[in-house]
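With positions in the sequence shown counted from 1, the corresponding number in our numbering is that position plus 960.
C-beta atoms are modelled at their ideal positions from N, C-alpha and C, and glycine is treated no differently.
The model shown is predicted, which means the values in this text are computed figures rather than measured ones.
The next block holds one structure in the form of structure tokens; read it before the comments.
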Amino acid sequence: MLKIVPPPPPMTPAEKLRESVKRRARPDGMIQCNRCGSRTIMTTVTGAFIKNGRKSGGTVTDKDVCYHCHQRGIFSQMLPELKRIK
Ligand SMILES: [Zn+2]
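Encoded structure:
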């Protein structure tokens, strides 16, 4: 059976900007979010202390997460967690 697929809706200005950022040449080895194209990486620490004027301790809760996706409530890991094959 032959079906006609409607054309996709036109991109919003935000989507156009996002796509152009993703298409830009990325310096070799630079970490970039595959979802939004951001290059801002975030690591959160819970329960840190200040001792002698320096931050110490705490538990890393989110590591290498895209900051801009996180602001929109999306969890986007920027570095793949490579697990050893047994
Ligand atoms: Zn992102």
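Residue burial classification, residue i (beta-carbon count within 10 angstroms, cutoff 16)
i, result
"VAL1025", "buried"
"MET1121", "Residue 1121 is absent from the model: the chain starts at 961 and stops at 1046."
"SER998", "buried"
Reference residue i, options the options, closest by Cα
i, options, result
"SER1036", "LEU962, LEU1042, ARG983 and CYS993", "CYS993"
"VAL1020", "VAL1005, ILE1034 and ARG984", "VAL1005"
For residue i, the residue or residues it bridges with in DSSP
i, result
"GLN1051", "In the structure as shown, the chain begins at 961 and stops at 1046. Residue 1051 is therefore absent and cannot be evaluated."
"ILE1001", "CYS1026"
Tell me whether the region 1008-1017 and the region 969-983 touch, counting them as touching only if at least three CB pairs, one residue from each stretch, are closer than 8 Å.
no
Any residue with its Cβ nearer than 6 Å to a heavy atom of ligand 1 should be included. What is that list in chain order?
CYS993, ARG995, CYS996, SER998, CYS1026, HIS1028, CYS1029 and SER1036
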